[in-house]
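Visitor: In our numbering, the protein residues as written are 138 to 929.
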């Protein structure tokens with residue numbers, strides 16, 4: 138039952154703050170729209186693109202914080218660096234150096250070599266000899282035959298300096314070699330390249346398509362294939378040309394033991410390379426059914442390194458695009474729908490082992506350095522280097538090392554995942570920062586409303602830990618577009634709208650109720666509106682205040698009264714009561730309003746007892762200081778009253794009106810008649826039944842102006858405070874019962890017995906006098922035991 142009431146109370150509280158909840162709901166929906174449009178739908182609009190870049194920047198920061206990881210030592214980069222140009226001459230180098238490099242690597246036990254460069258033109262070293270021989274042939278045709286020995290010598294020199302042939306022979310000797318090719322897309326790429334050359338290049342790379350391409354739906358494979366090509370086009374990943382290696386070098390590649398792969402990279406909109414292309418469609422034919430899919434240098438290099446036949450390097454595709462790429466039965470990668478893979482960079486530039494091409498070509502390296510290694514050849518030298526922007530910042534990251542990272546990721550399954558699981562986690566966090574935070578914000582006190590912003594700290598830690606474990610979770614949408622606007626807008630709404638009403642309530646009630654009651658009122662300001670409700674009303678008044686005031690000057694009187702009223706008001710507040718007003722030296726207090734309180738009668742009676750206890754302590758202080766001693770009487774009544782802000786258009790205040798209030802005031806005055814200190818009505822007595830308080834029935838009275846009689850009680854004290862008080866009350870009640878039966882003698886005997894033990898008990902004295910009166914003159918037969926009050 139208590140749990141049900143608590144839940145019901147929370148639901149009512151949230152309903153009162155439905156404006157705040159509506160804002161949180163709107164923010165959450167807006168964040169979900171932004172997330173789907175930016176990170177799921179990939180809408181290329183300026184607004185969504187800007188949001189996407191913010192998230193990419195946050196991802197880059199994670200890379201920079203993480204720094205260098207554990208790059209695979211099996212991957213080595215041979216660098217065409219500045220030293221190579223100093224030792225081997227200006228670029229382009231004679232290809233004999235690459236031949237020497239391959240031979241040195243072959244002898245040292247390297248397993249595979251991949252070139253992040255393209256040899257699309259013939260080596261120019263023997264060009265003067267070829268030109269000379271062509272001139273001699275021309276002279277011969279013109280009737281001027283050259284010296285045969287010279288022609289033969291030139292032919293031998295030409296053969297000696299045919300570095301393309303020598304390079305091709307080195308490729309054949311090594312075996313596991315991947316030559317790089319490059320796809321052309323922009324007008325700048327294609328400028329100066331004629332159609333015939335593009336056709337020739339297309340024919341050269343046609344020998345090395347993706348090793349194995351399989352549809353997941355055999356019956357609709359062609360349809361899915363065309364749809365996949367269209368997906369590439371939608372993302373501007375269709376290339377219109379290619380640059381391949383020369384026929385001599387391409388011919389040196391064995392289809393099974395060697396390969397050709399593209400080394401294109403596709404930067405994001407901000408120019409940073411975060412994703413790698415693993416597959417691309419390409420063809421020169423208008424009919425896309427004739428197009429092939431081609432593998433990247435990363436895929437082909439891994440195939441050769443792992444020693445896989447073509448049929449075990451498989452591109453699977455279906456109606457949703459690329460489904461995965463398999464490298465044998467145990468190794469696979471799950472790229473996005475167009476075969477792009479997030480690059481999980483293992484560190485900043487030069488995290489892998491770099492060796493200068495000059496040192497390898499000249500065999501200037503420790504034996505065994507390349508044994509069983511996967512070797513990538515690329516350039517970083519000024520003017521020829523393929524340098525890229527990466528999450529680590531700057532345009533200084535060698536492109537060949539991007540391929541090293543991709544191969545490392547696949548080989549060791551160190552992926553940066555961004556798929557369905559990550560999207561679900563993002564959505565859960567958006568919803569968490571939306572509705573639950575909104576529910577909390579709706580009920581939080583103003584000083585705590587900024588507290589949810591601290592969630593950014595553990596959330597940032599969670600995002601980073603997930604990143605270290607290979608999950609890319611979205612940071613921008615849950616924080617910048619959910620948490621921050623949720624907290625900011627709800628706080629602004631509550632300050633401008635809800636808190637305005639609360640300030641009115643606080644200003645009106647801070648002098649009249651305890652802080653706890655104010656807090657509860659602020660949760661529901663409508664409680665101050667006029668209404669009828671059940672309350673307990675207390676009146677307390679100082680006895681003989683007029684004579685006391687005549688003995689003191691104005692300042693002394695004010696000090697005495699201030700001390701008394703301050704202490705009494707604190708007790709009212711401590712018992713969750715409301716100070717209605719001060720009437721001179723009198724105090725009027727309410728329980729049960731403005732905030733509903735089921736135990737209002739009990740709290741009022743408890744406050745009355747504490748007031749008398751505190752008054753007793755004050756009386757000691759006053760006597761010690763020689764000041765007048767105040768005595769008070771208290772009346773409490775419970776019932777229905779009209780409560781709320783009442784008054785005029787010029788001035789109003791919260792108060793209670795009605796017969797319940799009037800009777801309370803009358804009960805306070807009856808203390809003078811009966812010589813008591815606290816008198817309560819029968820409704821108040823019923824409201825504290827079983828609360829551990831001791832009452833005795835005083836009388837049945839009819840107050841002036843009322844027809845119905847009222848039973849009144851004296852609140853004697855706490856049940857277990859004095860056993861003799863309970864005995865006195867029982868003996869008094871025995872006299873009251875006899876009194877109501879008109880047995881005056883028995884009643885008189887009981888009251889005398891009370892006075893014998895408690896001579897100062899004024900109610901017993903009052904009833905003893907009445908018994909003597911009725912013994913002297915018997916009341917009429919219509920007497921009903923009701924005592925008629927003749928004054929207010």
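In this text, a Cβ means the ideal position worked out from N, Cα and C, and glycines have one as well.
Taking a contact to mean a Cβ-Cβ separation below 8 Å, would you say residue 465 touches residue 453 in this structure?
Guide: No.
Visitor: Going by the beta-carbon positions, is the gap between residue 609 and residue 478 smaller than 8 Å?
Guide: Contact: no.
Visitor: Using C-beta distances below 6 Å, list every residue in its chain close to residue 159, excluding the 5 sequence neighbours before and after it, in chain order.
Guide: Here the set comprises nothing.
Visitor: Once the 5 residues before and after residue 346 are set aside, which same chain residues still bring their CB inside 7 Å of it?
Guide: So the qualifying residues of the chain are 429, 430 and 431.
Visitor: Return the chain-ordered list of same chain residues with a C-beta closer than 7 Å to the C-beta of residue 684, the five sequence neighbours on each side being excluded.
Guide: Taken in chain order, the list of residues that qualify is empty.
Visitor: Let me know the secondary structure DSSP gives residue 332 once reduced to three states.
Guide: Correct three-state label for residue 332: helix.
Visitor: Rounded to a whole number of angstroms, what is the C-alpha to C-alpha distance between residue 241 and residue 507?
Guide: Distance between the alpha carbons of residue 241 and residue 507: 9 Å.
Visitor: So the candidates are 614, 874 and 511; which of them puts its Cα closest to the Cα of residue 246?
Guide: Selected option, being the one with the closest Cα: 511.
Visitor: Given a threshold of 16 other Cβ atoms within 10 Å of its Cβ, counted over all protein chains shown, does residue 584 qualify as buried or as exposed?
Guide: Label assigned to residue 584: exposed.
Visitor: What number of angstroms, rounded off, separates the C-alpha of residue 909 from the C-alpha of residue 880?
Guide: Whole-angstrom Cα-Cα distance: 12 Å.
Visitor: Please list the terminal residues of the continuous beta strand (DSSP E) segment that includes residue 478.
Guide: Segment 477-479, the beta strand (DSSP E) holding residue 478.
Visitor: Within the continuous beta strand (DSSP E) that includes residue 429, where are the two ends?
Guide: Unbroken beta strand (DSSP E) run through residue 429: 429-432.
Visitor: Under a three-way DSSP split, which group does residue 338 fall into?
Guide: DSSP places residue 338 in helix when its eight states are reduced to three.
Visitor: Can you have a look at residue 783 and say buried or exposed, based on whether 16 or more other CB atoms are within 10 angstroms of its CB?
Guide: Classification of residue 783: exposed, given that the 10 Å Cβ count is below 16.
Visitor: Check whether the region 821-841 and the region 860-879 are in contact - that is, three or more C-beta pairs closer than 8 Å.
Guide: Flag = yes, the region 821-841 and the region 860-879 touch.
Visitor: For residue 741, I'd like the list of residues in its chain whose CB is within less than 6 Å of its CB, leaving aside the five on either flank, ordered along the chain.
Guide: Only 673, 675, 728 and 773 meet the Cβ criterion.
Visitor: To the nearest whole angstrom, what separates the beta carbons of residue 312 and residue 426, a pair I think is in contact under 8 Å?
Guide: No, residue 312 and residue 426 are not in contact; Cβ-Cβ is about 34 Å, not under 8 Å.
Visitor: Please state whether DSSP places residue 856 in a helix, a strand or coil.
Guide: Here residue 856 sits in coil by DSSP.
Visitor: Could you give the DSSP three-state label for residue 310: helix, strand or coil?
Guide: Of the three classes helix, strand and coil, the one that applies to residue 310 here is helix, per DSSP.
Visitor: Quick one: complete alpha helix (DSSP H) runs, 4+ long, within the region 681-740?
Guide: Runs found: 682-688 and 691-711.
Visitor: Mind the definition here: the region 523-536 touches the region 562-575 only if three or more C-beta pairs lie below 8 Å; say whether that holds.
Guide: No contact exists between the region 523-536 and the region 562-575.
Visitor: If you run the structure through DSSP and keep just helix, strand and coil, what is residue 608?
Guide: In this structure, residue 608 counts as strand in the three-state DSSP scheme.
Visitor: Buried or exposed, going by whether 16 or more other CB atoms sit within 10 Å of the CB of residue 238?
Guide: By the 10 Å Cβ count, residue 238 comes out buried.
Visitor: Could you say if the region 841-855 and the region 710-721 meet the contact criterion of at least three C-beta pairs nearer than 8 Å?
Guide: Cβ pair count under 8 Å is below three, so no.
Visitor: Smallest Cα separation from residue 209: which of 722, 547, 412 and 595?
Guide: With distances taken between Cα atoms, residue 209 lies closest to 547.
Visitor: Measuring alpha carbon to alpha carbon, tell me which of 918, 875, 199 and 327 ends up nearest residue 378.
Guide: Closest option to residue 378, Cα to Cα, is 327.
Visitor: Can you pull the DSSP bridge partners for residue 420?
Guide: Its beta-bridge partners do not exist; DSSP assigns none.
Visitor: Does the contact criterion of 3 or more C-beta pairs under 8 Å hold for the region 817-833 versus the region 688-697?
Guide: At 8 Å Cβ cutoff, the stretches do not touch.
Visitor: How many Å lie between residue 726 and residue 755 at the Cα?
Guide: One C-alpha to the other measures close to 21 Å.
Visitor: For a test of the three-state rule: what should DSSP assign to residue 805, helix, strand or coil?
Guide: Helix.
Visitor: Taking only the alpha-carbon atoms, compute the straight-line gap between residue 494 and residue 250 and give it to the nearest angstrom.
Guide: Roughly 13 Å separates the two Cα atoms.
Visitor: State buried or exposed for residue 651, treating a residue as buried only when at least 16 other CB atoms are found within 10 Å of its CB.
Guide: With a pLDDT of 49 at residue 651, under the threshold of 50, the predicted position of this residue should be treated as unreliable, though the coordinate-derived value follows. It counts as buried.
Visitor: On a CA-only basis, which of 733, 792 and 760 is nearest residue 724? Give me that one, please.
Guide: Checked all of 733, 792 and 760; the closest Cα to residue 724 is 792.
Visitor: Rank 157, 373, 161 and 165 by C-alpha distance to the C-alpha of residue 564 and give the top, closest one.
Guide: Nearest of 157, 373, 161 and 165 to residue 564, Cα basis: 165.
Visitor: On a CA-only basis, which of 383, 324, 226 and 502 is nearest residue 337? Give me that one, please.
Guide: Closest option to residue 337, Cα to Cα, is 383.
Visitor: Could you give the DSSP three-state label for residue 651: helix, strand or coil?
Guide: At residue 651, the pLDDT of 49 sits below 50, so the modelled position is not reliable; the number obtained from the coordinates is stated separately. Here residue 651 sits in coil by DSSP.
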